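Those protein sequence lines, which keep their order, are chains Z and V.
Just so you know, we're using full-length UniProt numbering here: the first sequence kicks off at 1 and counts up by one.
Just so you know, we're using full-length UniProt numbering here: the second sequence kicks off at 1 and counts up by one.
Backbone N, C-alpha and C fix where the C-beta goes; we use that ideal spot for every residue, glycine too.
What you are looking at is a predicted structure, and each value in this text was computed from that prediction instead of being measured.
There are 2 protein chains.
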Amino acid sequence: MVVTIIGIGLIGGSLALSLKETGLAHHIIGVDRSPENLRQAVALGLLDEPGHDLAEAVRRADLVIVSVPMDAMLTVLPQVLDAATDRQVVLDVGSTKALLLAQVADHPNRARFVAVHPMAGTEYSGPEAAVPGLFRDKTLVICDAAASAPDAVARVEAVFGRLAMRLVYMDAQAHDLHTAYVSHISHITSFALALTVLKKEQSDQQIFALASGGFESTVRLAKSSPDMWVPIFRQNRDNVLDVLDEHLRQLQHLRDLLAAGNDAGMYEQIQQANLIKKILK
Amino acid sequence: MVVTIIGIGLIGGSLALSLKETGLAHHIIGVDRSPENLRQAVALGLLDEPGHDLAEAVRRADLVIVSVPMDAMLTVLPQVLDAATDRQVVLDVGSTKALLLAQVADHPNRARFVAVHPMAGTEYSGPEAAVPGLFRDKTLVICDAAASAPDAVARVEAVFGRLAMRLVYMDAQAHDLHTAYVSHISHITSFALALTVLKKEQSDQQIFALASGGFESTVRLAKSSPDMWVPIFRQNRDNVLDVLDEHLRQLQHLRDLLAAGNDAGMYEQIQQANLIKKILK
């Protein structure tokens with residue numbers, strides 16, 4: 001099939017690689033507001049063809065993937081649906097859903113659109129960050145599937161099933177709530193941790209020398225792009241604030257136990273935190 | 001040489017593997033207060049011989065490694081030094097140093113002791129968590145080297161150099177301060193993150209389905225043992241509190257920017273956090 005990918009960054013580029021590798025796409029057209037990204041994506045072999053007219057690139061495709069940051073998504077997705085016909089399936093891969101789905105709820109081509117969120121990524125961005133096999137054995141959330149045409153949902157299921165993803169179905173509100181817990185909050189804490197260490201450690205050399213694997217793993221997400229994350233935090237603000245307030249309470253509680261020298265209390269809290277072992281192998 | 005390892009957990013066991021692999025140790029005696037740990041360590045081939053008498057195991061060794069949790073360390077290390085002669089080199093691999101070094105400052109055998117901290121580990125514990133190659137290309141901090149005999153320091157440098165570790169020299173106060181920044185605080189935030197998610201997410205199934213690599217990496221350290229970490233937090237309390245208070249300020253600032261819808265402020269903070277890229281590749 002012919003696939004048009006709008007926004008050729010980490011996710012769009014990695015999808016291009018996987019769609020080619022599995023033979024699902026025989027021709028990939030890419031559209032990006034950055035000519036440099038587009039040039040790189042062609043040079044890296046992610047695309048067969050740079051597309052310069054959005055509407056034309058949509059009309060020529062069987063499958064259209066919109067993988068732009070969430071602020072751009074709110075305007076780009078309606079433009080894509082404007083250009084779509086009954087022949088196309090359109091999907092977004094955005095990290096927040098409730099606002100986006102409200103935005104296109106009344107669009108005449110709403111049924112051609114399937115909202116999905118592949119729970120996969122890295123802290124890097126841009127086409128050169130694209131990696132093969134990024135989606136294998138990861139989860140794909142399909143949101144509000146009942147608002148999409150059955151043939152469109154079936155095509156999306158077939159594509160991502162072929163990429164070896166686990167399919168999970170959820171409404172947009174539940175998606176935004178759960179991703180605040182298990183993805184967005186991790187980024188906030190990682191940004192705050194990086195800011196803390198950069199502020200307290202005057203010597204970069206000491207951080208570099210002493211940082212062990214534990215520090216690197218907790219602070220890795222702090223390398224993530226503000227272009228991607230500011231719109232996510234804005235669009236999922238209420239849920240993120242709710243989880244962040246709970247996190248602040250938990251941290252403050254640990255701080256109070258530590259300050260009071262309450263080792264038994266600290267021990268008990270760590271034992272409770274260890275229960276995460278049961279869930280994450 | 002003959003090596004006695006006191007405390008056969010993740011670090012003691014991994015050292016046993018590396019000392020054997022490099023041919024540095026031809027015979028390893030292990031001592032552990034847990035008979036089950038000792039039995040497992042022998043079964044796993046980490047040890048050549050279980051030692052049942054601490055003083056005898058010390059006297060028979062060329063090199064004695066004390067790798068017990070920091071609370072036990074305060075009593076075990078003096079006992080080891082009591083049994084040592086000019087023939088032995090004794091080292092600890094503990095995560096905090098100031099209190100321990102004060103504890104043995106006036107010991108008659110202080111010069112036989114070298115305080116080191118290998119900046120390596122995983123979130124797992126016990127002899128079955130031992131892994132080969134754990135120390136390769138990691139940093140070894142040697143603390144207050146001037147208080148140790150030159151031949152003892154030279155032997156330690158030769159051993160850990162052979163394990164391909166980078167050697168860094170620091171006084172105990174500086175060590176405890178820097179490790180609070182780049183190791184201890186990561187564990188506190190990870191414990192708090194696990195507690196937050198476990199409290200907010202009633203359904204384990206949702207966490208499991210949605211947790212992506214980002215969440216797993218920030219919460220990985222929350223699997224760490226309270227037996228190891230409560231004594232570390234207690235012994236490095238002032239430094240950890242200082243860093244934790246800064247972390248709480250940074251998190252609260254991000255929270256306020258988010259609540260106020262101050263996207264420009266959030267963008268700027270994330271850009272600053274991104275500077276960690278310059279330090280951690």
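Cross-chain neighbours of residue i in chain Z, by beta carbon under 9 Å
{"i": "V/Asn274", "result": "Phe191, Ala194, Ala222, Lys223, Ser224, Ser225 and Pro226"}
{"i": "V/Thr218", "result": "Ile185, Ser186, His187, Thr189, Ser190, Leu193, Ser217, Thr218, Val219, Arg220 and Leu221"}
{"i": "V/Gln271", "result": "Pro226"}
{"i": "V/Arg237", "result": "Leu258, Ala259 and Gly261"}
Paired residues, beta bridge with residue i - DSSP
{"i": "Z/Tyr169", "result": "Z/Ile142"}
{"i": "Z/Val240", "result": "Partner(s): none; Z/Val240 has no beta bridge."}
{"i": "residue 286 of chain V", "result": "No statement about residue 286 of chain V is possible, as the shown extent of chain V runs from 1 to 281 and does not include it."}
{"i": "Z/Pro50", "result": "Z/Gly30"}
{"i": "V/Ile5", "result": "V/Gly30 and V/Ile65"}
Within chain V, the residues that residue i reaches when beta carbons sit closer than 9 Å
{"i": "Z/Arg234", "result": "Leu258, Gly261, Asp263 and Met266"}
{"i": "Z/Leu15", "result": "Simply none; closest approach about 16 Å."}
{"i": "Z/Leu241", "result": "Arg255, Leu258 and Ala259"}
Per-residue contacts from residue i into chain V (C-beta, under 7 Å)
{"i": "Z/Val197", "result": "Tyr181 and Val182"}
{"i": "Z/Lys97", "result": "Neighbours of Z/Lys97 on chain V: none; closest Cβ ~13 Å, over 7 Å."}
Identity of the residue in the options nearest residue i by Cα
{"i": "V/Ser186", "options": "Z/Ser224, Z/Ala180, Z/Thr196 and Z/His117", "result": "Z/Thr196"}
{"i": "V/Ile279", "options": "Z/Leu198, Z/Ile276 and Z/Thr179", "result": "Z/Leu198"}
{"i": "Z/Asp48", "options": "Z/Ile5, Z/Glu201 and Z/Leu77", "result": "Z/Ile5"}
{"i": "V/Val219", "options": "Z/Ala259, Z/Glu36, Z/Ser183 and Z/Val114", "result": "Z/Ser183"}
{"i": "Z/Met1", "options": "Z/Ala61, Z/Pro35 and Z/Pro108", "result": "Z/Ala61"}
{"i": "Z/Ile276", "options": "V/Ala102, V/Ser217 and V/Met228", "result": "V/Ser217"}
{"i": "Z/Leu140", "options": "Z/Leu15, Z/Gly7 and Z/Gln79", "result": "Z/Leu15"}
{"i": "Z/Trp229", "options": "Z/Phe191, Z/Gln202 and Z/Glu246", "result": "Z/Phe191"}
{"i": "V/Asn236", "options": "Z/Glu123, Z/Ala222, Z/Ala259 and Z/Pro132", "result": "Z/Ala259"}
{"i": "Z/Leu74", "options": "Z/Val93, Z/Ile270, Z/Ile29 and Z/Leu63", "result": "Z/Val93"}
{"i": "V/Val114", "options": "V/His175, V/Tyr124, V/Gly9 and V/Ala152", "result": "V/Ala152"}
{"i": "Z/Glu36", "options": "Z/Phe208, Z/His52 and Z/Gln173", "result": "Z/His52"}
{"i": "V/Val31", "options": "V/Lys20, V/Val80, V/Leu19 and V/Glu21", "result": "V/Val80"}
{"i": "Z/Gln40", "options": "Z/His27, Z/Pro69 and Z/Ile8", "result": "Z/Ile8"}
{"i": "Z/Gly133", "options": "Z/His175, Z/Gly13, Z/Met266 and Z/Gly261", "result": "Z/Gly13"}
{"i": "V/Ala149", "options": "V/Arg112, V/Leu10 and V/Arg59", "result": "V/Arg112"}
{"i": "Z/Ile65", "options": "Z/Ala273, Z/His117 and Z/Asp137", "result": "Z/His117"}
{"i": "V/Glu128", "options": "V/Asp263, V/Asn262, V/Arg255 and V/Leu10", "result": "V/Leu10"}
is_contact[residue i, chain V] using C-beta, thresh 8 Å
{"i": "Z/Ala211", "result": "yes"}
{"i": "Z/Lys20", "result": "no"}
{"i": "Z/Glu128", "result": "no"}
{"i": "Z/His26", "result": "no"}
{"i": "Z/Gln202", "result": "no"}
{"i": "Z/Leu244", "result": "yes"}
{"i": "Z/Val80", "result": "no"}
{"i": "Z/His178", "result": "yes"}
{"i": "Z/Val230", "result": "yes"}
{"i": "Z/Gln206", "result": "yes"}
{"i": "Z/Leu10", "result": "no"}
Interface residues of chain V facing residue i [CB-CB closer than 8 Å]
{"i": "Z/Thr139", "result": "Ala209, Leu210 and Ser212"}
C-beta neighbour in chain Z for residue i, strict 8 Å
{"i": "V/Leu167", "result": "no"}
{"i": "V/Gln252", "result": "yes"}
{"i": "V/Leu248", "result": "yes"}
{"i": "V/Glu56", "result": "no"}
{"i": "V/Leu74", "result": "no"}
{"i": "V/Leu100", "result": "no"}
{"i": "V/Leu63", "result": "no"}
{"i": "V/Leu280", "result": "yes"}
Chain Z contact residues for residue i, given Cβ-Cβ distances below 7 Å
{"i": "V/Lys277", "result": "Lys223"}
8 Å Cβ cut-off: residues of chain C touching residue i
{"i": "V/Gln173", "result": "In the structure shown, chain C does not exist; the protein chains are Z and V."}
Cross-chain neighbours of residue i in chain Z, by beta carbon under 8 Å
{"i": "V/Leu46", "result": "Result: empty, since nearest Cβ-Cβ is about 21 Å, beyond 8 Å."}
Taking a cut of 8 Å between CB atoms, which residues from the stretch 105-125 of chain V lie near chain Z? So the list reads Met119, Ala120, Gly121, Thr122 and Glu123, given in the order they occur along the chain.
Against chain Z: residues of the stretch 132-165 of chain V by CB proximity under 9 Å: Lys138, Thr139 and Val141
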